[in-house]
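Going by the numbering used here, the letters in the sequence shown line up with residues 1241 to 1673, in that order.
Ideal placement from N, C-alpha and C gives every residue a C-beta, glycine not left out.
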Amino acid sequence: MGNAQSELNPEYDVIVVGAGVAGLNLALHLPDCCRTLVVCKGGIKESDSYLAQGGICVLRDKSDFKSYYEDTMRAGHFENDSATVKCMIEHSRETIDELISLGVRFATENGALAYTREGAHSRPRIVFHEDCTGKEITSRLLKAVLRLPNVTVRPHTTMLDILCDREDTVCLGAVLRDNRTGNVFPVRAGNTVLATGGVGGLFRHSTNFRLLTGDGLAVALRHGVLIDHADYIQFHPTTLYTEGRGRRFLISESLRGEGAHLINAKGRRFVDELLPRDVVTQAIYREMEREGSNFVRIDLRPVGEETLIDHFPSIVSRCKKEGYDVLKEPAPVVPAQHYFMGGVRSDLYGRTTMPNLYAVGETCCNGVHGRNRLASNSLLESVIFAKRAAEDIVNGTPAAGIPDYRPERYENPVRLARSDQKNVLKEMKQHER
Ligand code: SIN
């Protein structure tokens, strides 16, 4: 491990808050000379990127541009930022190639990439790894980042605030808490990146990790950094209905793309399953209300046993654990909070309205998703705009020097805890077993 330091440096060129695909890909694209600290609130695998099931979109070929663009815009109710959507689509193919070169394994058919489909896509254009594409991509990015000599990864570290000058005109770093010791310490940095994920932890029913509580959004609000569309919350139509509390398990939309039916208590279909997510969610709520029930059902049998077993092993096995043999019977599903389209306003380079503060991934609102995200655009946009933010950090003009942080607010001594890079590796191995 090149970066197994015994102490954290008091100053970094870049602090990245969040270790999902956006945070990791940003760190990966910083040059060796850029001393970088990546922190995350929970364990290294507690990011929603890990949970993404369906896949990641890609432009099939030039002739697909118009329809991919229109699908994204239509799903987003045409509130999307057109330039951002075009930028994402234009960079999609090279992004998939780059992921493959990092070792990401996507399903293939006759030696070429296989494509699946989800709601509101006019054709199959989603590449996937079984039903755990997010885990495949994130774990490869993490492995690559952990090899970098200039990057220190530190889990179980919460960002409590950002450091700014007295007038909140420039970001100077972050105030962090070691969740294991309770130590709070400011860390100064040339650039700070908010990649803290979404807001699902604030909802009773969500597919998100409970610890994702909009931390990036909160610090932005506190310091007058522009936020957009805080009310643009996406509810995924199909999560497995269970009585218990806690995170809801996703029943991937790609199952509906492969032919699964949504049915009511009488076994009748009541909606076109491939309409945009928000439309299907509303139809399900209406049907639940009409029937006076807590869920509707999804019948996976039309997908076919072979595809279910090969493409969706984790979903089949999880449903079985909950008592539903989806090869033989429907399973109960209910909508749940899934994604946040609003966030910290950012541009095509992840820049926020505060100099030296970037926002990427679900934390930011760069306008790519409009009012309702098209399925499987999230991993793609996170990876693309994080890379662009890294490039901007390198090529942009850094603030001159690093002025003092606010001593009256942060009086704790700069007592930095030991880097637990070794624990990160241990944790990864445990999960891989
Ligand atoms: C899913 O697999 O249904 C989720 C994919 C996404 O949120 O884009």
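- With contact defined as three or more Cβ pairs closer than 8 Å, the segment 1292-1299 and the segment 1587-1595 are not in contact.
- Ranked by Cα distance from His1369, the options Leu1540, Ser1616, Ala1414 are led by Ser1616.
- The continuous beta strand (DSSP E) containing Leu1400 extends over residues 1397-1404.
- According to the DSSP secondary-structure assignment, Pro1426 is paired through a beta bridge with Val1415.
- In this structure, Ala1435 and Val1600 form a Cβ contact; the two beta carbons are roughly 5 Å apart against a cut-off of 8 Å.
- The C-beta of Phe1318 has fewer than 16 other C-beta atoms within 10 Å across all chains shown, which makes the residue exposed.
- In this structure, the CA atom of Val1278 is about 14 Å from the CA atom of Asp1272.
- When DSSP assignments are scanned along the segment 1471-1512, the uninterrupted stretches of beta strand (DSSP E) that are 3 or more residues long and fall wholly within it turn out to be 1473-1480, 1501-1503.
- Residue Met1399 holds the alpha-carbon nearest to the alpha-carbon of Gly1456 among Val1410, Phe1535, Met1399.
- For Thr1432 against Ala1414, the beta-carbon gap comes to about 5 Å, under 8 Å, which counts as contact.
- Distances between the C-beta of Ala1292 and the heavy atoms of the ligand SIN include at least one below 7 Å.
- Inclusion of Thr1335 and Val1608 in the CB contact set at 8 Å is not warranted, their separation being larger than that value.
- Between the segment 1566-1583 and the segment 1475-1495, the count of C-beta pairs closer than 8 Å reaches three or more; the two stretches touch.
- At a threshold of 7 Å, Tyr1472 does not count as near the ligand SIN, since its beta carbon sits no closer than that to any of the ligand's heavy atoms.
- Annotation: the continuous beta strand (DSSP E) that includes His1578 extends over 1571-1580.
- Within the same chain, and ignoring the five residues on either side of Val1543 in sequence, the residues whose Cβ sits closer than 7 Å to its Cβ are Leu1495, Glu1498, Gly1499, Ala1500.
- Counting the other CB atoms within 10 Å of its CB gives Leu1270 a total of 16 or more, which places it among the buried residues.
- Where Thr1276 is concerned, the enclosing beta strand (DSSP E) starts and stops at 1276-1279.
- Take Leu1451, set aside five residues on each side of it, and the residues of its chain with a beta-carbon closer than 7 Å to its own are Lys1281, Gly1282, Glu1286, Gly1441, in chain order.
- About 7 Å separates the beta carbons of Asp1371 and His1551, which is inside the 8 Å limit, making them a contact pair.
- About 6 Å separates the beta carbons of Gly1437 and Thr1603, which is inside the 8 Å limit, making them a contact pair.
- Residue environment: Asn1606 is assigned as buried (16 or more neighbouring CB atoms within 10 Å of its CB, all protein chains considered).
- In terms of CA proximity to Arg1613, Asn1320 leads the group Ser1303, Asn1320, Leu1416, Ala1262.
- By DSSP's assignment, Glu1349 forms a beta bridge with Ala1352.
- Counted as a single uninterrupted DSSP element, the alpha helix (DSSP H) harbouring Glu1338 occupies residues 1332-1341.
- With contacts defined by Cβ atoms closer than 8 Å, Leu1381 and Leu1342 form a contacting pair.
- Between Ser1379 and Ala1262, the alpha-carbon positions lie close to 13 Å from each other.
- Partner residues in the beta bridge of Asp1539, as assigned by DSSP, are His1501.
- Pairwise C-beta distances place the segment 1356-1370 in contact with the segment 1511-1518, as three or more of them are shorter than 8 Å.
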